[in-house]
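Remarks on the structure that follows.
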Amino acid sequence: MSYNPFEVPQNLDDRAGEAEAGGEAGQVLADRWERFAGAFVDGIAMSGISLASQFASGMFSKLSTGTALTVGDQLLQSLIGVVAFLLVHGYLLINHGQTVGKWLMGTRIVDAKTAALLPFTRVYIVRYMWLTPLALVVPFVPPGATMILGSLVGFINLLDSLLIFGKDRRCLHDYLAGSIVVRARRRK
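If you read the sequence shown in our numbering, its first letter stands for residue 207, the second for the next number, and so on.
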């Protein structure tokens, strides 16, 4: 039997036999659409919270009038974002390896080798905050370098997202944290 690269695959499902993941039997990798939908829900939720905090802190009025934000303003907004993220997602992340979007989609984050929940430092600091140091230096770089740094952050974010199309369905932040996203087991 010869191989024909143009032949329609027998199994059109993205999961191609339900790829098993991690060290624990029965763990099935989440498909790309489940991951996208979960991230989309999280993005909408956090955008709403960010907008509300900008209104409440007076940041939105400064931005709308063209007033330059101080370093203090930017750091305050970053701190509000961190606190809001932890308030919205913290309990689920620590206890179930899920954000609100992952919970709604029935997926969760686990260790790539053991399939156990990740410790807080790996799930939050490494997996979610890995680009924060780059973002925090933006106020301190010369104006011309801001565009370069912004482009670098954008490129890294693009690379992070594109890695999901690999065979093991992991993004850059998954590799950094040693994590995978699997389908959560339904409670009976």
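Think of the CB as a built atom: it goes at the ideal place given N, C-alpha and C, for glycine as much as any other residue.
Which residues in the same chain as residue 309 place their Cβ atom closer than 6 Å to its Cβ, once the five residues preceding and following it in sequence are excluded? Counted from its first residue, the sequence shown places residue 309 at position 103. Sequence-distant Cβ neighbours of residue 309 in its own chain, meaning closer than 6 Å and more than five residues away, are 298.
Close-in-space but distant-in-sequence residues of the same chain around residue 331 (CB under 6 Å, 5 per side omitted): The residue labelled residue 331 in the question sits at position 125 within the sequence shown. Cβ within range, chain order: n/a, list empty.
Test item: CB-CB of residue 307 and residue 244 under 8 Å: As a working note, residue 307 is residue 101 in the sequence shown. As a working note, residue 244 is residue 38 in the sequence shown. Cβ atoms of residue 307 and residue 244: closer than 8 Å.
Does the Cβ of residue 264 have 16 or more other Cβ atoms within 10 Å, making it buried, or fewer, making it exposed? Here residue 264 refers to the residue found at position 58 when the sequence shown is read from its first residue. With fewer than 16 other Cβ atoms within 10 Å, it is exposed.
Below 6 Å CB to CB, which residues in the same chain sit around residue 340 once its five sequence neighbours on both sides are set aside? Walking along the sequence shown from the start, residue 340 turns up at place 134. Closer than 6 Å at the Cβ level, and outside the excluded window around residue 340, lie 359.
List the DSSP bridge partners of residue 387. Reading the sequence shown from its first residue, position 181 is the one you call residue 387. Its beta-bridge partners are 315.
In angstroms with no decimal places, state the Cα-to-Cα distance between residue 284 and residue 259. As a working mapping, residue 284 is identified with position 78 in the sequence shown. As a working mapping, residue 259 is identified with position 53 in the sequence shown. Cα to Cα, residue 284 sits roughly 11 Å from residue 259.
Would you identify the three-state DSSP class for residue 234, choosing helix, strand or coil? What you label residue 234 is simply residue 28 of the sequence shown in a count that begins at 1. Of the three classes helix, strand and coil, the one that applies to residue 234 here is strand, per DSSP.
Hey, residue 324 and residue 383: beta-carbon distance below 8 Å or not? Working through the sequence shown from its first residue, we reach residue 324 at position 118. Working through the sequence shown from its first residue, we reach residue 383 at position 177. Yes. Within cutoff.
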